[in-house]
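Line by line, the protein sequences give chains A and B.
Per numbering that gives the first Met the number 0, numbering through the first sequence is continuous, rising by one, with the last residue being 118.
Per numbering that gives the first Met the number 0, numbering through the second sequence is continuous, rising by one, with the last residue being 416.
This report concerns only the one structure given below.
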Amino acid sequence: MKYLLMIYEREAAWAGLGEEEQGRIFGEYGAYTERLKAGGHLLGGEALQPSSTATMVRVVDGRVLTTDGPYAETKEQLGGFYLIEAADLDVALGLAAEIPSARHGMADIEVRPVLDVPG
Amino acid sequence: MNGTAHEAALERAFRDHRSSVLATLIRQLGDFDLAEEALAEAFLVAATRWVADGEPERPAAWLLTTARFRAIDRLRRERRFADRVPRLAAAEDRTVVLDTDFDPQPIEDDRLRLIFTCCHPALAREAQVALTLRTLAGLSTEEIARAFLVPVPTLAQRLVRAKKKIQSAGIPYRVPAAPELPERLDAVLQVIYLIFNEGYAATSGSSYLRSELSAEAIRLARLVVSLLPGRAEPQALLALVLLHEARRPARLTPEGDLVRLAEQDRSRWNREQIEEGRRWLTTALGDPGDSRFVLEAAIAALHGEASSVETTDWRQILALYDLLARRFPSPVIDLNRAVALSMAEGPAAALVEIERLEAAGQLAGYHLLPATRADLLTRLGRHDEATAAYRQALELATHETERRFLAGRLAASAGKP
Chain A
0 MKYLLMIYER EAAWAGLGEE EQGRIFGEYG AYTERLKAGG HLLGGEALQP SSTATMVRVV
60 DGRVLTTDGP YAETKEQLGG FYLIEAADLD VALGLAAEIP SARHGMADIE VRPVLDVPG
Chain B
0 MNGTAHEAAL ERAFRDHRSS VLATLIRQLG DFDLAEEALA EAFLVAATRW VADGEPERPA
60 AWLLTTARFR AIDRLRRERR FADRVPRLAA AEDRTVVLDT DFDPQPIEDD RLRLIFTCCH
120 PALAREAQVA LTLRTLAGLS TEEIARAFLV PVPTLAQRLV RAKKKIQSAG IPYRVPAAPE
180 LPERLDAVLQ VIYLIFNEGY AATSGSSYLR SELSAEAIRL ARLVVSLLPG RAEPQALLAL
240 VLLHEARRPA RLTPEGDLVR LAEQDRSRWN REQIEEGRRW LTTALGDPGD SRFVLEAAIA
300 ALHGEASSVE TTDWRQILAL YDLLARRFPS PVIDLNRAVA LSMAEGPAAA LVEIERLEAA
360 GQLAGYHLLP ATRADLLTRL GRHDEATAAY RQALELATHE TERRFLAGRL AASAGKP
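Structure follows, in structure tokens:
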């Protein structure tokens, strides 16, 4: 099955880290991505720019409304994602728990099965 | 076979084999609903065929085979067959083999798989409880809804959603691997304990349904003990629920009023259950690991073997609560510990603990906090304060039996100078 692992990060926690620590965690992400690849799990994944760079687009009665940022000032924002292949939910949950920012207590991971569209 | 004998055979087959046949069907078909429907049809077929041909030699195997044929028939009719090629092709192969030499005995492990799937942490706790009662205990949706005072459609919806999530999120149908087992087993035991407590502590509902729930929980605990014979945690849980259940006959007056531990007629405690509970506790203590159920069962055993409140080993009970509170911190354990403290060292020491708990605010709204406070104040002769605390407890209590009990205590307290 395919799962999307969404990394909801506490941006303040990340911003509060020194450059050296950020670099170390980036390194851990590199190793983690390699492990996913080696295990045949990796289908894709990206890290995102901070939510302050986001723009919302909404279409109301055919008119496009463009606004700054996500709707609410929540502490956790989508900071990145992996698209993985896993035999079942337990495998996916195990992989999600190994994501570096989750292990450092800076992110919660939402694990969502991908909708299998027939045809 | 005459009518009665045949009914008895069917009932026995339902009781003894339903959950294991269902578990095996779910594994083979990969679909909870299909498995349940097919098994219901198999029982219908049995109702006529067993009269004509007599009870089959191996009823479980007969039910499994019949249900599987029904399921495959149904899928063919609904043309869902092609959509499910991988899993069903396998089931189909097996049915072909069935005609000749395939041994269709349900596999015990399937029930273990099933209980881990039903209690998977990806499902909400209330869904875990409902699914476990539905699939493993065989309670109907209506029965579960009535027992938990939930409207039937709400409970049905909860079950539908849970089964859908099992399928679409890929919740596996297998016993967790060794590293995950302790945590996942704990979730299973929590569900069983919750079912037991719902039946024992009665937050609501009629007492008849309640004792049924406790009996189901004891059956489930026995099942897990037998499926995981090497593990102490299920044995400790079984000990705990048996030791609690043993006190049931003395917990209520014939009029249905609550009797406190101190005033219970201990000759009415079920000695057999106490003895069995203690035996399981002894077995569990051989390799207790890290289980709160072992500590709780040990406390229940100390109560069970005491002839009165006065001769109860409260020091030992307090020591066990200390361990519990340290290892599994929770305000409810702190509250129970305070009661033990009041018996071991007197009500004044316990009152300090209660005040600390009140200040912490975690148990705000829990009627047993002011009720305990009221009891301690009564023992200290501070009746005005006790009356106020009983009044507060009465405002928070929801269950009729408990309300009656508290109202009685309130009246007694208000009558004292």
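We put the CB at the ideal spot given by N, CA and C, even for glycine.
All values derive from a computational prediction rather than experimental measurement.
**Report entry** C-beta neighbour in chain B for A:LEU82, strict 7 Å
**Finding:** The count along the first sequence starts at 1 and reaches residue 82 of chain A at position 83. Closer than 7 Å: no.
Query raised in the report: Relative to the alpha-carbon of B:ARG221, which residue among B:ASP333, B:THR140, B:VAL187, B:GLU35 has its alpha-carbon at the smallest distance?
Result: Within the second sequence, residue 221 of chain B is the residue found at index 222, counting from 1. Checking every option, the nearest Cα to that of B:ARG221 belongs to B:VAL187.
Query raised in the report: Should the segment 12 to 28 of chain B be called in touch with the segment 54 to 63 of chain B, which here means at least 3 C-beta pairs below 8 Å?
Result: yes
Requested in this report: Can you tell me which of the three DSSP states B:GLU295 falls into?
Outcome: Along the second sequence, read from residue 1 onward, the residue named residue 295 of chain B stands at position 296. Residue state, collapsed to three classes: helix.
Query raised in the report: Going by the CB atoms, is the gap between B:ALA343 and B:LEU317 shorter than 7 Å?
Result: As a working mapping, residue 317 of chain B is identified with position 318 in the second sequence. As a working mapping, residue 343 of chain B is identified with position 344 in the second sequence. Against a cut-off of 7 Å, the Cβ pair of B:ALA343 and B:LEU317 comes out as a contact.
Query - Stretch-stretch touch, CB-based, cutoff 8 Å, three pairs: the segment 24 to 42 of chain A with the segment 81 to 91 of chain A - result: yes
Query raised in the report: Across which residues does DSSP place A:GLU45 in a beta bridge pair?
Result: Residue mapping note: residue 45 of chain A aligns to position 46 of the first sequence, counting from 1. A:PHE80, per the DSSP bridge assignment.
Query raised in the report: For B:LEU212 versus B:ALA146, is the C-beta distance shorter than 7 Å?
Result: The count along the second sequence starts at 1 and reaches residue 212 of chain B at position 213. The count along the second sequence starts at 1 and reaches residue 146 of chain B at position 147. In contact: B:LEU212 and B:ALA146 (Cβ atoms closer than 7 Å).
**Report entry** Where the segment 72 to 102 of chain A meets chain B: residues whose CB sits under 7 Å from a CB there
**Finding:** ASP87, LEU88, ASP89
Report task. Output, in chain order, the set of chain A residues within a Cβ distance shorter than 8 Å of B:ALA433. Result -> Outside the shown range of chain B, which is 0 to 416, sits residue 433 of chain B, and nothing can be said about it.
**Report entry** B:THR311 versus B:GLY303 - alpha carbon distance
**Finding:** Within the second sequence, the letter at position 312 stands for residue 311 of chain B. Within the second sequence, the letter at position 304 stands for residue 303 of chain B. When rounded, the distance between both Cα atoms is 9 Å.
Query raised in the report: Looking only at DSSP bridge pairs, what is A:PRO112 linked to?
Result: In the first sequence, residue 112 of chain A corresponds to position 113, counting from 1. Note: A:PRO112 sits in a beta bridge opposite A:TYR2.
Query raised in the report: Three-state secondary structure (DSSP) at B:ALA59?
Result: Translated into positions along the second sequence, residue 59 of chain B becomes position 60. Three-state result, B:ALA59: helix.
Query raised in the report: Quick one, are the C-beta atoms of B:ALA249 and B:GLN263 less than 7 Å apart?
Result: Here residue 249 of chain B refers to the residue found at position 250 when the second sequence is read from its first residue. Here residue 263 of chain B refers to the residue found at position 264 when the second sequence is read from its first residue. Yes, they are a contact pair.
Report task. At 4 residues or longer, and completely inside the segment 132 to 187 of chain B: list those alpha helix (DSSP H) runs for me, N to C. Result -> 140 to 146, 151 to 167
Query - Where the alpha helix (DSSP H) through A:MET55 begins and ends - result: For this step, residue 55 of chain A is matched to residue 56 along the first sequence. Segment 54 to 59 is the beta strand (DSSP E) holding A:MET55; no alpha helix (DSSP H) there.
Query raised in the report: Under 8 Å Cβ-Cβ, which residues of chain A neighbour B:ALA121?
Result: Locating residue 121 of chain B in the second sequence gives position 122, counting from the first residue. LEU88, LEU92, listed in chain order.
Requested in this report: Taking only beta-carbon positions, decide if A:PRO69 is within less than 7 Å of chain B.
Outcome: Position 70 of the first sequence, counted from the start, is the residue given in the question as residue 69 of chain A. Cβ-Cβ to chain B under 7 Å: no for A:PRO69.
Query raised in the report: Is there a Cβ from chain A that is less than 7 Å from the Cβ of B:GLY169?
Result: In the second sequence, the residue the question calls residue 169 of chain B occupies position 170. It does: the Cβ of B:GLY169 has a partner Cβ on chain A nearer than 7 Å.
Query raised in the report: B:THR281 bridges to which residues according to DSSP?
Result: Along the second sequence, one-based indexing puts residue 281 of chain B at 282. According to DSSP, which records beta bridges pairwise, B:THR281 is partnered with nothing at all.
Query - Distance, B:LEU74 Cα to B:PHE68 Cα - result: Within the second sequence, numbered from 1, the residue matching residue 68 of chain B stands at position 69. Within the second sequence, numbered from 1, the residue matching residue 74 of chain B stands at position 75. One C-alpha to the other measures close to 10 Å.
**Report entry** Any C-beta of chain B under 7 Å from that of A:MET0
**Finding:** Position 1 of the first sequence, counted from the first residue, corresponds to residue 0 of chain A. It does; some Cβ of chain B falls within 7 Å.
Query raised in the report: Along chain A, which residues have their Cβ under 9 Å away from the Cβ of B:PRO175?
Result: Working through the second sequence from its first residue, we reach residue 175 of chain B at position 176. Simply ASP89.
Report task. Can you have a look at B:ARG270 and say buried or exposed, based on whether 16 or more other CB atoms are within 10 angstroms of its CB? Result -> Reading the second sequence from its first residue, position 271 is the one you call residue 270 of chain B. By the neighbour-count rule (16 or more Cβ atoms within 10 Å), B:ARG270 is not buried but exposed.
Query raised in the report: Does the segment 221 to 240 of chain B touch the segment 188 to 195 of chain B, meaning 3 or more C-beta pairs lie closer than 8 Å?
Result: yes
Query raised in the report: If you draw a straight line from the alpha carbon of B:VAL224 to that of B:ALA324, how long is it in whole angstroms?
Result: Here residue 224 of chain B corresponds to residue number 225 of the second sequence, with the count starting at 1. Here residue 324 of chain B corresponds to residue number 325 of the second sequence, with the count starting at 1. About 26 Å.
Query raised in the report: Are B:LEU379 and B:PRO328 closer than 7 Å when you measure CB to CB?
Result: Working through the second sequence from its first residue, we reach residue 379 of chain B at position 380. Working through the second sequence from its first residue, we reach residue 328 of chain B at position 329. Going by C-beta atoms, B:LEU379 is not nearer than 7 Å to B:PRO328.
**Report entry** N- and C-terminal bounds of the beta strand (DSSP E) containing A:VAL63
**Finding:** To locate residue 63 of chain A, count along the first sequence from 1; it is residue 64. Here the beta strand (DSSP E) through A:VAL63 covers 62 to 67.
Query raised in the report: DSSP three-state call for B:LEU113: helix, strand or coil?
Result: Here residue 113 of chain B refers to the residue found at position 114 of the second sequence. B:LEU113: helix per DSSP, three-state reduction.
Query raised in the report: Are any of the Cβ atoms in chain B nearer than 7 Å to that of A:PRO112?
Result: Here residue 112 of chain A refers to the residue found at position 113 of the first sequence. Output row for A:PRO112: interface = yes.
Report task. Could you tell me the boundaries of the alpha helix (DSSP H) in which B:THR311 lies? Result -> Here the question's residue 311 of chain B lines up with position 312 in the second sequence. Per DSSP, B:THR311 belongs to no alpha helix (DSSP H) and is neither H nor E.
Report task. Let me know the secondary structure DSSP gives B:ASP15 once reduced to three states. Result -> Start at 1 with the first residue of the second sequence, and residue 15 of chain B comes out as number 16. In the structure shown, B:ASP15 sits in a helix (DSSP, three-state: H, G or I).
Query - Validate contact between the segment 115 to 122 of chain B and the segment 130 to 144 of chain B using beta carbons, cut 8 Å, 3 pairs - result: yes
Query raised in the report: What is the C-beta distance between B:GLU401 and B:LEU257, in whole angstroms, given that I count them as a contact (C-beta under 8 Å)?
Result: One-based indexing of the second sequence puts residue 401 of chain B at position 402. One-based indexing of the second sequence puts residue 257 of chain B at position 258. Indeed they touch by this definition, with Cβ atoms about 6 Å apart.
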